[in-house]
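Accompanying notes for the structure given below.
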Amino acid sequence: DTENVTNAVAAGNLDIRSNDLANDELGRIGKALNNMISSLQQNDKETRHRSWLQEGAVKVSAEITSNKNLAPLTSGILQFITNYLDASVATFYVVKNNDLLLLSSIGTTAAPERLSTREGLIGKSITANRVELYSDLPGNYLSVNSSTGQTDPVAIIIVPFSYGSSVLGAIELGFLRPLNGRELEFL
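Here it is as structure tokens:
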């Protein structure tokens, strides 16, 4: 059993475990082997997590550098982020003269074209220059629209972006499920 488990791990199978767990020399080796496999699994999980974050950051950077025109740039960024995070709805606002101007949106037709920088949850996030996550949303806050109907998102995250101390705008993303820690870390 120990030889089979060792060969399987060497071939990349980290789901296998040793059944040699008796209170003898072979059992101690089996337990140590299982501990090693668990450690390898954790390292593999952490490596995949870091790779996912790095891949996302590289792709967002590529979107930013691929377009010089604002409308296609913001649309491309929203398209990538909604696909990468499986968001159902998204808006991209920029700050101009104490107003928020909608540049792009995905999955909604109800996003206002203009808001005050102090209006609503997005205004709160921009004023504080802080990422805000909401899971207990007010009724009819934002709807996800499709050709067959509409629904309200389960979670919304608002991510302001800034240069120096000046907030330039915010991206608001709506999800039909709770966000996980990896997605929060990415944003």
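Count along the sequence shown from 1, then add 16; that gives the number in the working numbering. Quick reminder that beta carbons are idealized off the backbone N, C-alpha and C, glycines included. Remember, it's a predicted structure, so these values are computed and weren't measured experimentally.
The continuous stretches of beta strand (DSSP E) do not include Arg198, which lies in the alpha helix (DSSP H) extending over residues 197-202. Of the candidates Asn50, Leu117, Asn39, the residue whose Cα lies closest to the Cα of Glu188 is Leu117. Judged by beta-carbon spacing, Leu137 lies beyond the 8 Å limit of Ser120, meaning their Cβ atoms are not closer than that value. Here Gly185 is buried. Its C-beta has 16 or more other C-beta atoms within 10 Å. Residues Ile173 of the same chain have their beta carbon placed closer than 6 Å to that of Leu149, with the five preceding and five following residues left out of the count.
Between Ile45 and Val25, the beta carbon gap of about 13 Å keeps them out of contact (Cβ cut-off 8 Å).
Going by beta carbons, Leu101 and Glu199 fall inside the 8 Å limit. In this model, Phe191 and Ala48 are separated by some 42 Å (Cα to Cα).
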